[in-house]
Amino acid sequence: MSDQPNKELELSRKVWLAGIGAYGRAIGDAQDVYAKMGKETSKAFDELVGRGEDLEAKVASAAKQYAPMMSGEAVKSTVGNISDRLEKMKATLGLTEVAAQQQDEISELGQRMDAMDAKLDTILAAIQAISPASDNSNTDS
Amino acid sequence: MNTKNKILQASLELFNEEGEQDITAVDIANVLEMSPGNLYYHFKGKDPIIHKLFIDFEKDFKSVLQAPIEAPLELADNWVYFYILFEAVANFRFFYRNQQSLIERYVDLEPRFRSLIQIKINAMASIIDGLNQQNFIAISEPEAEQMAQRFAQQLTYWPIFHRVMTPTTSLPIAIHHGVYNMIIQLAPHVSAGSNEFLQLITEFRDKMLSTFQHKNNQ
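Protein sequences appear in the order of chains Z and X.
Residue numbers for the first sequence, in my numbering: 1 to 141.
Residue numbers for the second sequence, in my numbering: 142 to 359.
1. Could you tell me how far apart the beta carbons of tyrosine 237 of chain X and threonine 297 of chain X are, in whole angstroms, since I believe they sit closer than 8 Å?
2. Going by DSSP, what residue range makes up the alpha helix (DSSP H) through methionine 142 of chain X?
3. With a threshold of 6 Å on Cβ separation, who are the neighbours of alanine 63 of chain Z within its own chain once the five nearest residues in sequence on each side are excluded?
4. Quick one: is lysine 119 of chain Z near chain X, going by C-beta distance under 8 Å?
5. For valine 373 of chain X, is the classification buried or exposed, using 16 other Cβ atoms within 10 angstroms of its Cβ as the cut-off for buried?
6. Just checking glutamate 282 of chain X against the ligand MN - is the residue's beta carbon closer than 7 Å to any of the ligand's heavy atoms?
7. Along the chain, where does the alpha helix (DSSP H) containing leucine 257 of chain X start, and where does it finish?
8. Quick one: is isoleucine 324 of chain X buried, meaning 16 or more other Cβ sit within 10 Å of its Cβ, or exposed?
9. Would you check if the stretch 218 to 233 of chain X and the stretch 249 to 256 of chain X touch, i.e. whether three or more CB-CB distances between them fall below 8 Å?
10. Strictly below 8 Å CB to CB, what residues from chain Z border alanine 208 of chain X?
11. For the pair the stretch 312 to 329 of chain X and the stretch 224 to 233 of chain X, tell me if three or more CB-CB distances fall below 8 Å.
12. Starting from the C-beta of glutamate 282 of chain X, find all residues in its chain whose C-beta is less than 6 Å away, skip the five residues before and the five after it, and write them out in chain order.
13. Run down chain Z in chain order and give the residues with a C-beta less than 8 Å from the C-beta of alanine 237 of chain X.
14. Please name the residue, chosen from X/Gln326, X/Ile278, X/Trp299, X/Gly186, that lies closest to arginine 234 of chain X on a Cα-to-Cα basis.
15. Short check: CB of alanine 293 of chain X to CB of isoleucine 262 of chain X, under 8 Å?
16. Interface residues of chain Z around valine 205 of chain X at Cβ under 8 Å?
17. Does any C-beta atom of chain Z lie closer than 8 Å to the C-beta of isoleucine 301 of chain X?
18. If contact is defined by three or more beta carbon pairs under 8 Å, each pair taking one atom from either stretch, is the stretch 274 to 281 of chain X in contact with the stretch 332 to 341 of chain X?
19. Taking isoleucine 128 of chain X and leucine 153 of chain X to be in contact with their CB atoms under 8 Å, please state how far apart those CB atoms are, rounded to whole angstroms.
20. Any contact between the stretch 176 to 191 of chain X and the stretch 142 to 159 of chain X? By contact I mean 3 or more CB pairs, one from each, below 8 Å.
21. Closest to glycine 271 of chain X by CA distance: which of X/Leu327, X/Asn171, X/Phe156, X/Leu173 is it?
22. Would you decide whether lysine 285 of chain X is buried or exposed? Buried here means 16 or more other CB atoms lie within 10 Å of its CB.
23. Between the Cα of leucine 216 of chain X and those of X/Asn273, X/Thr310, X/Thr343, spot the shortest distance and give me the residue it belongs to.
24. Once the 5 residues before and after leucine 339 of chain X are set aside, which same chain residues still bring their CB inside 6 Å of it?
25. Just the Cα atoms here: how many angstroms apart are glutamate 344 of chain X and asparagine 322 of chain X?
26. Name, please, each residue of chain Z whose Cβ falls closer than 9 Å to the Cβ of isoleucine 225 of chain X.
27. So, with DSSP's three-state summary, where would you put isoleucine 278 of chain X?
28. So alanine 264 of chain X and isoleucine 210 of chain X are supposed to be a Cβ contact under 8 Å. How far apart are they, rounded?
29. List the endpoints of the continuous alpha helix (DSSP H) containing phenylalanine 233 of chain X.
30. Considering only DSSP beta bridges, list what valine 331 of chain X is partnered with.
31. Less than 8 Å between the beta carbons of asparagine 232 of chain X and glutamine 162 of chain X, yes or no?
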């Protein structure tokens with residue numbers, strides 16, 4: 001409502017919205033990937049579909065998966081551990097997949113950075129190999 | 142899984158699908174392709190099965206409800222938590238399907254149902270209080286109290302509502318609707334403005350539902 005929401009409030013709002021938007025983003029990402037691929041038949045897309053189907057199966061059978069846990073001996077191991085339950089539910093909703101995907105993206109970026117660093121090192125080495133020579137030629141003249 | 146747990150699981154599935162009232166111990170034995178005598182060896186009829194299932198349900202649900210009362214949840218976890226609540230109810234939905242008749246026949250369950258609903262109200266109050274403390278929402282005390290009651294009611298009567306109004310809807314979709322209908326009530330109180338919140342959760346719901354419907358049609 002206010003024109004100047006304070007930072008803390010803004011942050012907490014974003015955290016909450018991030019949780020809600022995560023699933024929607026996962027779908028959006030899938031569509032983007034598909035669009036980019038165009039006519040190329042891609043293994044990656046098939047994998048994506050496969051993952052989606054896995055997820056669908058997981059969600060569809062969620063009640064059945066949970067039911068035996070609750071009506072049997074397993075009850076003892078799940079009771080009192082809400083963080084396990086939260087993790088499990090996040091997985092069912094595909095939220096951990098989004099996190100994993102983001103993790104993948106981050107590590108891919110990391111690899112790119114490493115590759116760039118390596119290139120940069122080569123370039124710097126090349127420059128250094130040239131510059132002492134030019135320095136020498138300068139001092140010589 | 143041992144025979145006892147097999148019986149419990151089959152009973153739970155049967156009760157959830159058909160309602161508990163018309164199911165007999167013999168029906169349960171038939172589904173499991175076991176002799177009624179064998180079933181009787183593990184459970185002396187339907188009543189002890191109902192009681193055991195209630196104990197499991199109560200234990201599970203209490204432990205889930207206790208979490209936000211003991212310690213506030215992380216802000217983003219609140220939303221996932223609602224799914225857990227709805228699923229906990231859905232897994233034992235036969236208890237809610239014909240509750241009046243059930244507590245008339247199993248009178249000892251009535252006070253336990255009542256205390257469970259009270260814990261529900263407390264848990265909801267803790268969540269609302271947590272959101273308020275974290276400045277995610279701004280809500281007055283009487284409003285928060287009312288909202289906690291409303292949330293508890295919604296959680297309790299949601300299976301009946303779903304079964305009557307949208308009987309052909311699959312359970313996961315019904316759960317999405319349930320969670321959405323719950324968190325949308327927060328919108329008017331969202332401190333940083335309700336519009337973006339509304340837009341996001343609605344977008345999220347529509348995307349999720351269209352995905353499910355698309356897959357169901359295939």
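Even for Gly, the Cβ is constructed at its ideal location relative to N, Cα and C.
Well, looking at it:
1. Taking a contact as a CB-CB distance under 8 Å, the pair tyrosine 237 of chain X and threonine 297 of chain X counts as one, their CB atoms being some 7 Å apart.
2. No alpha helix (DSSP H) holds methionine 142 of chain X; DSSP gives it neither H nor E.
3. The predicted position of alanine 63 of chain Z is uncertain, since its pLDDT is 40 and thus under 50; no value can be drawn from it.
4. Taking Cβ atoms only, chain X never reaches closer than 8 Å to lysine 119 of chain Z, which makes this a no.
5. For chain X, the structure presents residues 142 to 359; residue 373 of chain X sits outside this window and is missing.
6. Looking for the ligand MN in the displayed structure turns up nothing, as the structure carries no ligands at all.
7. In the DSSP assignment, leucine 257 of chain X falls within the unbroken alpha helix (DSSP H) covering 250 to 274.
8. That one is buried.
9. Contact between the stretch 249 to 256 of chain X and the stretch 218 to 233 of chain X is absent, because fewer than three Cβ pairs lie under 8 Å.
10. Residues of chain Z whose Cβ lies closer than 8 Å to the Cβ of alanine 208 of chain X are, in chain order, Ile82.
11. Touching, yes, given that three or more Cβ pairs across the two stretches are closer than 8 Å.
12. Within the same chain, glutamate 282 of chain X has no close Cβ partners at all.
13. Going by the sequence as given, residue 237 of chain X is tyrosine instead of alanine. Chain Z residues near tyrosine 237 of chain X: none, gap ~14 Å exceeds 8 Å.
14. Comparing Cα positions, the closest option is X/Trp299.
15. One thing to note: alanine 293 of chain X has its Cβ within 8 Å of the Cβ of isoleucine 262 of chain X.
16. One finds Ile82, Arg85 in chain Z with Cβ atoms closer than 8 Å to the Cβ of valine 205 of chain X, taken in chain order.
17. By the rule that beta-carbons nearer than 8 Å mark a contact, isoleucine 301 of chain X does not touch chain Z.
18. Touching, yes, given that three or more Cβ pairs across the two stretches are closer than 8 Å.
19. In the structure as shown, chain X starts at 142 and stops at 359, and residue 128 of chain X therefore has no counterpart that could be examined.
20. Contact holds: three or more Cβ-Cβ distances are below 8 Å.
21. The candidate whose alpha carbon is nearest that of glycine 271 of chain X is X/Leu327.
22. Checking the sequence shown, residue 285 of chain X turns out to be alanine, not lysine. For alanine 285 of chain X, the number of other beta carbons within 10 angstroms of its own is at least 16, and it is reported as buried.
23. Nearest Cα to leucine 216 of chain X within the set X/Asn273, X/Thr310, X/Thr343: X/Asn273.
24. Residues Ala328 of the same chain have their beta carbon placed closer than 6 Å to that of leucine 339 of chain X, with the five preceding and five following residues left out of the count.
25. Spanning the two alpha carbons is a distance of roughly 14 Å.
26. Per Cβ cutoff of 9 Å: Ile82, Arg85, Leu86, Lys88, Met89.
27. Correct three-state label for isoleucine 278 of chain X: strand.
28. Correct: roughly 6 Å between the Cβ atoms.
29. Taken as a continuous stretch (DSSP letters only), phenylalanine 233 of chain X belongs to no alpha helix (DSSP H), as it is neither H nor E.
30. For valine 331 of chain X, which the question treats as bridged, DSSP gives the partners X/Ile278.
31. The answer is no: Cβ separation not under 8 Å.
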